[in-house]
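Student: Questions regarding the structure given below will be posed in turn.
2 protein chains.
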Amino acid sequence: MKKSPLQIARAAYQPKVPASIFGGNKLVEGKATESVADQADIKKLFPNTYGLPIVTFEKSDTAVAAKAINVGVILSGGQAPGGHNVISGIFDGIKAINKDSKLYGFLGGPSGLVDHKYIELTSDIIDEYRNTGGFDIIGSGRTKLEEESQFDKGLEICKKLNINAIVIIGGDDSNTNACVLAEYYLAKKTGIQVIGCPKTIDGDLKNEMIETSFGFDTATKVYSEVIGNIERDANSAKKYWHFIKLMGRSASHVTLECALKTQPNITLIGEEVEAKNQTLDDVVTYIANAVKARADKGLNFGTVLVPEGLIEFIPAIKKLIQELNDMLAANQAEFDKKSVDDKIKFIIEHLSAENAAIFQSLPAAVSKQLALERDPHGNVQVSLIETEQLLAEMVAKKLAQWKKEGKYNGKFSTQHHFFGYEGRCAAPSNFDADYCYSLGRVAALLINSGKTGYMSSVRNTTKPASEWLAGGIPITAMMNMEKRNGKMKPVIQKALVKLDGGPFKFFASKRDEWAIETAYVYPGPIQYFGPTEVADITTETIKLEH
Amino acid sequence: MKKSPLQIARAAYQPKVPASIFGGNKLVEGKATESVADQADIKKLFPNTYGLPIVTFEKSDTAVAAKAINVGVILSGGQAPGGHNVISGIFDGIKAINKDSKLYGFLGGPSGLVDHKYIELTSDIIDEYRNTGGFDIIGSGRTKLEEESQFDKGLEICKKLNINAIVIIGGDDSNTNACVLAEYYLAKKTGIQVIGCPKTIDGDLKNEMIETSFGFDTATKVYSEVIGNIERDANSAKKYWHFIKLMGRSASHVTLECALKTQPNITLIGEEVEAKNQTLDDVVTYIANAVKARADKGLNFGTVLVPEGLIEFIPAIKKLIQELNDMLAANQAEFDKKSVDDKIKFIIEHLSAENAAIFQSLPAAVSKQLALERDPHGNVQVSLIETEQLLAEMVAKKLAQWKKEGKYNGKFSTQHHFFGYEGRCAAPSNFDADYCYSLGRVAALLINSGKTGYMSSVRNTTKPASEWLAGGIPITAMMNMEKRNGKMKPVIQKALVKLDGGPFKFFASKRDEWAIETAYVYPGPIQYFGPTEVADITTETIKLEH
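Just so you know, the protein sequences line up as chains A and B, in that order.
For the first sequence, position 435 (counting from the first letter as 1) is numbered 435 according to the numbering used here, and the numbering increases by one without interruption.
Position in the second sequence counted from 1, then plus 546, gives you the numbering used here.
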């Protein structure tokens, strides 16, 4: 593997960790917890892992000699910067506890546990991946651990390898499943512990005790770098409106964070569109009004940030998609055989009158995409809709109409961009390198303390790393009951953008000014060296939330 | 203007310059030059600026007291990182010569000179823009300075502001026009000098004496950062082929440099496609073969780099576009009135049989784009063709056919990207910050030496900046005669990728290995601080050329 000069220099970086987990430390148990909602239901489903206390590690003089620990680690779901550092943190953590400890990596995601595909992660391997981006050390995958037969297959390999604990590095669903697995292994008295780690660039796995999911910091910095560069280009060439879609699934955290960093003219927040019950035309009109206001000042350029999940948040379209998913699931075999035109006809005939009308009102490219592209579960693939192009086209149409009516007299040329894959595997920022490595070290301590059904937690992250608080949060405490595929399930509550939260409120207080003025900020690329205010600060989101 | 922490830290950076231009220096004249071709024609067109000697600045103890100089500066054409540093270099240079010197910036490109739109650039303004990206200090524009009436308007404002010299920062065409202007002002004995500076991220303005155009280093670093991140994602998720189109107009330098930095599976070089007289199907087959070879090894993912200008280099399509441009120009009024379907019909009816057949063989989206999108000169807008999507679709079609025939048994899912605006206004790398500032300082020295029709030159750039060679190159020496809009014109010879040059030859020796193996390199983001091998190295292209 040929390495770039930066990779070589970066390999030597020693991540910073909370002072409390270095040298001797002791575990302090807090009060028993309750789930965030549906307490009775969750308690019934998790009799052994419900109500556990939050735990914290504090500095202590008495270093405890401990037995060797064998751990199996799994990367689950989409890539996020810092995954390799979680793994190196676990490795160093269990080796610090006892040098004979072993770390196994299950290959290609959760399916590696079920199919018994694994490697032993030795120091030679680990050292190649410290402070690097990507999940390529063992690969990731999207298999869901949900069936008891899968759990039993996992048990087999754990017994064979003498594995004491599994660490699952994943998003909300993967951590939910980690807890189901912990409960199952506890009920069966297998002695195998399960610990989760909060991963996702989307930023939607967080709560009072988990301040952020890892990767969010790095990914939003990469996106903000290129958004800033595009803004500077817009302000230099003065001839394009740039429509920029950003990854983040249904939550708009990524878009909001990038907006706080770069101050674009327009930022759409899906959660607000839903709360205000806006239509697609409302959104288009909102943008067109800003374009007009800037054109009146002679500014025929601008930037618009669009969250990937926007379309789903428009209530009318959300309803349409729900009915479409249910209808297509019920008629899949018949539907799949039809030609494109017949598929569209079939949809219109089988939807309710209200949703058929909305379906027919969409631009042809979008209705076609809704009809044709389906994920492996048969669901409409909302993420494939090129919302940034759709909006640009609809705004152009509206402005052309306004021009005819004499209400608008500017120029409107557009460029569109979609950023996602550009940031998921970036080398972690200093923050994510430190945060992830600490999460891994804390996971090792939780395992050594015999804990299971916990998520590794590192808090107080707006302070220097030495002051961070380390501990574990019972996963059941984050759960509520939600409908999934027609059934009520216990799941970790997804953290959407809170319209009464600090980040949104700050944004909302500034956006009218940003819309009309050219108030762009140019963050530039992630710096790994240089002054601390350049290289070590984390997100505006965390700052405004805490 | 709110500044990011990096911008604030970066403002303090003092660009490095050649030792020879610091303190006292003297101008040394070399031998008289000849143009690269068509010497008699060029000499006839440029009687006053033809045959001038190359000049070099050497260190000297005798500092010469000099008069104040007033300079007007123009940014011409597309943005490139470092433009602001050229301007700050000119500013510091003329102030070092005499503190009463003044710098004027013409606004919005060359039209600012003609329309008398300008500002005086004071130290307060200059200090806000040191080491920043963008051309927003005075804006840029694409007006061509070609007419004597424009030159005369320029003369008026120069006389009014007592301007001694104009510096035009631009690409090959803008520098050609700078020389035409220099010749005109010399012939008219106006006393106004004109100096050019080599700008373009495309990297196609270079020759023996001009090692690189500024911005190429920074832009290719930004693109390589995100390409590397995508490669790492591809290698982690192992499920997508990423098709990545890169800016660079007709030359493939940007794509080649990014390939040398990131080692993707497939890289297309337009100049090679042309030299080998390849068809679109040849290109598609070449990619499909690599996809198949990797699939045979179980690797159903990869990365493909596509230069923006690829389509134009495919000889058959180039001929089609030429005939299309001529035919549409001759029938513009009639054509513009037609509906979309009628336009396509009209084209097919009016093209030669051979080109009509090629037009009809193109995917519908491409033929439609060729028919509909035209630039202000009436030309087909090749840059709008989404080549990366076109190729992905055509490769998918071919693989589906091979699957039917039992020749291929892999999975082929694609993602596509286009990077251009992401890099043109990035804050300049240390190299571009130093190089641009030096170009500006050298421009000031050339003016002080009474030179006109010269391009500012800084050579020996693979060495530390202190060892760089500073001087000036007569612009006529870079010229030849080419057909433009049907007429023979003197122009600076465009530097396309040389298939017998170091960069291409190195790439060609490695590409078969890169196609099959996963040999990705992850350069990471531009570092402004940190070790010199991380922060200060320039392009692979320059290294392999010198």
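All C-beta atoms in this analysis are idealised placements derived from N, C-alpha and C, irrespective of residue type, glycine included.
All of these numbers come straight from a predicted model, not from anything done at the bench.
Our contact map puts Lys735/B next to Ala626/B with C-beta atoms below 8 Å; I'd like the distance itself, whole angstroms only.
Tutor: If you number the second sequence from 1, residue 735/B lands on position 189. If you number the second sequence from 1, residue 626/B lands on position 80. The pair is not a contact, with the Cβ atoms about 34 Å apart (cut-off 8 Å).
Student: If we call anything under 8 Å between Cβ atoms a contact, is Thr1087/B one with Pro1049/B?
Tutor: For the purposes of this step, residue 1087/B is taken as the residue at position 541 of the second sequence. For the purposes of this step, residue 1049/B is taken as the residue at position 503 of the second sequence. Result yes, Cβ atoms of Thr1087/B and Pro1049/B sit closer than 8 Å.
Student: Using a beta-carbon distance cut-off of less than 9 Å, what residues from the segment 419 to 441 of chain A approach chain B?
Tutor: Those residues of the segment 419 to 441 of chain A that come within reach of chain B (Cβ to Cβ, closer than 9 Å) are Phe419, Gly420, Tyr421, Glu422, Gly423, Arg424, Cys425, Ala426, Ala427.
Student: Pull out every residue of the segment 660 to 689 of chain B whose Cβ sits closer than 7 Å to any Cβ of chain A, in chain order.
Tutor: Answer set for the segment 660 to 689 of chain B: Gly679, Gly680, Phe681, Asp682, Gly685, Ser686.
Student: Taking only runs that begin and end inside the segment 196 to 275 of chain A, name each unbroken beta strand (DSSP E) of 3 or more residues, in chain order.
Tutor: As far as the segment 196 to 275 of chain A is concerned, its whole beta strand (DSSP E) runs of at least 3 residues are 241 to 246.
Student: Of all the options Ala330/A, Val380/A, Gln322/A, Ser339/A, which has the alpha carbon lying nearest to the alpha carbon of Glu354/A?
Tutor: Locating residue 354/A in the first sequence gives position 354, counting from the first residue. Checking every option, the nearest Cα to that of Glu354/A belongs to Gln322/A.
Student: Nearest CA to the CA of Gly78/A: which residue from Glu932/B, Ala876/B, Tyr786/B, Val601/B?
Tutor: Within the first sequence, numbered from 1, the residue matching residue 78/A stands at position 78. It is Tyr786/B.
Student: Under the rule that 16 or more other beta-carbon atoms within 10 Å means buried, what is Pro561/B, buried or exposed?
Tutor: On the second sequence, position 15 is the one that residue 561/B refers to. Pro561/B should be labelled buried.
Student: With 8 Å as the threshold, decide whether the Cβ of Ser236/A is near any Cβ in chain B.
Tutor: Position 236 of the first sequence, counted from the start, is the residue given in the question as residue 236/A. Interface residue, yes.
Student: Do the segment 628 to 642 of chain B and the segment 688 to 699 of chain B make contact, defined as three or more Cβ pairs closer than 8 Å?
Tutor: Too few Cβ pairs lie closer than 8 Å, so no.
Student: Provide the residue(s) that pair with Tyr528/A in DSSP beta bridges, ordered along the chain.
Tutor: On the first sequence, residue 528/A is found 528 positions in, with the first residue counted as 1. DSSP lists no partner for Tyr528/A.
Student: Taking Tyr454/A as part of the beta strand (DSSP E), name the residues at either end of that continuous run.
Tutor: The count along the first sequence starts at 1 and reaches residue 454/A at position 454. That run of the beta strand (DSSP E) goes 454 to 459.
Student: So, using beta-carbon positions, are Asp434/A and Ala465/A closer together than 8 Å?
Tutor: Within the first sequence, residue 434/A is the residue found at index 434, counting from 1. Within the first sequence, residue 465/A is the residue found at index 465, counting from 1. Closer than 8 Å, so yes.
Student: Could you check where the alpha helix (DSSP H) with Leu161/A kicks off and where it finishes?
Tutor: The count along the first sequence starts at 1 and reaches residue 161/A at position 161. Leu161/A -> alpha helix (DSSP H) spans 148 to 161.
Student: Where do the N-terminal and C-terminal ends of the beta strand (DSSP E) with Arg484/A fall, by residue?
Tutor: Along the first sequence, one-based indexing puts residue 484/A at 484. That run of the beta strand (DSSP E) goes 479 to 484.
Student: Report all residues from its chain with a CB closer than 7 Å to the CB of Ala614/B; omit the five preceding and five following residues, and keep chain order.
Tutor: Within the second sequence, numbered from 1, the residue matching residue 614/B stands at position 68. Cβ within range, chain order: Asn644, Asp646, Ser647.
Student: Work out the CA separation of Val1043/B and Val222/A for me, nearest whole Å.
Tutor: In the first sequence, residue 222/A corresponds to position 222, counting from 1. In the second sequence, residue 1043/B corresponds to position 497, counting from 1. Cα-Cα distance, rounded: 30 Å.
Student: Answer yes or no: do Ala490/B and Gly530/A have a C-beta to C-beta separation smaller than 8 Å?
Tutor: The structure shown does not extend to residue 490/B, since chain B is modelled only from 547 through 1092, so no value can be given for it.
Student: Three or more beta-carbon pairs under 8 Å between the segment 249 to 258 of chain A and the segment 354 to 369 of chain A, yes or no?
Tutor: The answer is no - the segment 354 to 369 of chain A does not touch the segment 249 to 258 of chain A, with fewer than three Cβ pairs under 8 Å.
Student: Suppose contacts are defined by Cβ-Cβ distances below 8 Å. Is Ile526/A in contact with Ile195/A by that definition?
Tutor: On the first sequence, residue 526/A is found 526 positions in, with the first residue counted as 1. On the first sequence, residue 195/A is found 195 positions in, with the first residue counted as 1. Cβ distance not < 8 Å, so Ile526/A and Ile195/A don't count as in contact.
Student: Which partner residues does Met488/A have in the DSSP bridge list?
Tutor: Within the first sequence, residue 488/A is the residue found at index 488, counting from 1. In the DSSP output, where bridge partners are listed per residue, Met488/A has Lys483/A.
Student: Report the residue from Gly108/A, Glu308/A, Ile74/A, Ser4/A whose alpha carbon sits nearest the alpha carbon of Gln809/B.
Tutor: Along the second sequence, read from residue 1 onward, the residue named residue 809/B stands at position 263. When only C-alpha atoms are compared, the closest one is Ser4/A.
Student: Quick one: what does DSSP say Ala876/B is sitting in, helix, strand or coil?
Tutor: Here residue 876/B corresponds to residue number 330 of the second sequence, with the count starting at 1. If DSSP states are grouped into helix, strand and coil, Ala876/B belongs with the helices.
Student: In chain A, what lies closer than 7 Å to Arg778/B by C-beta?
Tutor: Within the second sequence, residue 778/B is the residue found at index 232, counting from 1. Correct list: Gly133, Gly134, Asp136, Cys425.
Student: Ignore the nearest five residues each way along the sequence and tell me which others in Gln961/B's own chain have a CB closer than 7 Å to its CB.
Tutor: For the purposes of this step, residue 961/B is identified with residue 415 of the second sequence, where counting begins at 1. Closer than 7 Å at the Cβ level, and outside the excluded window around Gln961/B, lie Tyr786, His788.
Student: Might you give, ordered along the chain, the residues of its own chain that have their beta carbon closer than 7 Å to the beta carbon of Asp584/B, omitting 5 neighbours on each side?
Tutor: The residue you call residue 584/B lines up with position 38 of the second sequence. Asn1026, Met1027, listed in sequence order.
Student: Look at the alpha carbon of Lys238/A and the alpha carbon of Glu513/A, and state the distance between them as a whole number of angstroms.
Tutor: Numbered from its first residue, the first sequence carries residue 238/A at position 238. Numbered from its first residue, the first sequence carries residue 513/A at position 513. Taking the straight line joining both Cα atoms gives about 19 Å.
Student: At a CB-CB cut-off below 9 Å, which residues of chain A make contact with Val768/B?
Tutor: As a working note, residue 768/B is residue 222 in the second sequence. Neighbours of Val768/B on chain A, chain order: Glu225, Val226, Asn229, Pro525.
Student: Check the Cβ of Ile1083/B against every Cβ in chain A and list those closer than 9 Å, keeping chain order.
Tutor: Walking along the second sequence from the start, residue 1083/B turns up at place 537. Residues of chain A passing the Cβ test: Pro5.
Student: In its own chain, which residues sit with a C-beta less than 6 Å from the C-beta of Pro47/A, not counting the 5 before and 5 after it?
Tutor: Here residue 47/A refers to the residue found at position 47 when the first sequence is read from its first residue. Nothing meets the Cβ criterion.
Student: If we define contact as Cβ-Cβ less than 8 Å, is Ala519/A a contact residue for chain B?
Tutor: Numbered from its first residue, the first sequence carries residue 519/A at position 519. At least one chain B Cβ lies under 8 Å of Ala519/A.
Student: Do you know how far the Cα of Gln696/B is from the Cα of Ser995/B?
Tutor: Position 449 of the second sequence, counted from the start, is the residue given in the question as residue 995/B. Position 150 of the second sequence, counted from the start, is the residue given in the question as residue 696/B. Computed Cα separation, rounded: 26 Å.
Student: Any chance you could list the beta strand (DSSP E) runs of at least 3 consecutive residues sitting entirely within the segment 298 to 379 of chain A, in chain order?
Tutor: If we require 3 residues or more, the beta strand (DSSP E) runs fully inside the segment 298 to 379 of chain A come out as 302 to 307.
Student: Given this structure, state the Cα-to-Cα distance separating Asp136/A from Asp500/A, to the nearest angstrom.
Tutor: Here residue 136/A refers to the residue found at position 136 when the first sequence is read from its first residue. Here residue 500/A refers to the residue found at position 500 when the first sequence is read from its first residue. Their backbone Cα atoms lie some 39 Å apart in a straight line.
Student: Look at the alpha carbon of Asp607/B and the alpha carbon of Val574/B, and state the distance between them as a whole number of angstroms.
Tutor: On the second sequence, position 61 is the one that residue 607/B refers to. On the second sequence, position 28 is the one that residue 574/B refers to. Rounded to the nearest angstrom, the two C-alpha atoms are 14 Å apart.
Student: Using a Cβ-Cβ distance under 8 Å, would Gln415/A count as near chain B?
Tutor: Within the first sequence, the letter at position 415 stands for residue 415/A. For Gln415/A, the answer is yes, since a Cβ of chain B falls inside 8 Å of its Cβ.
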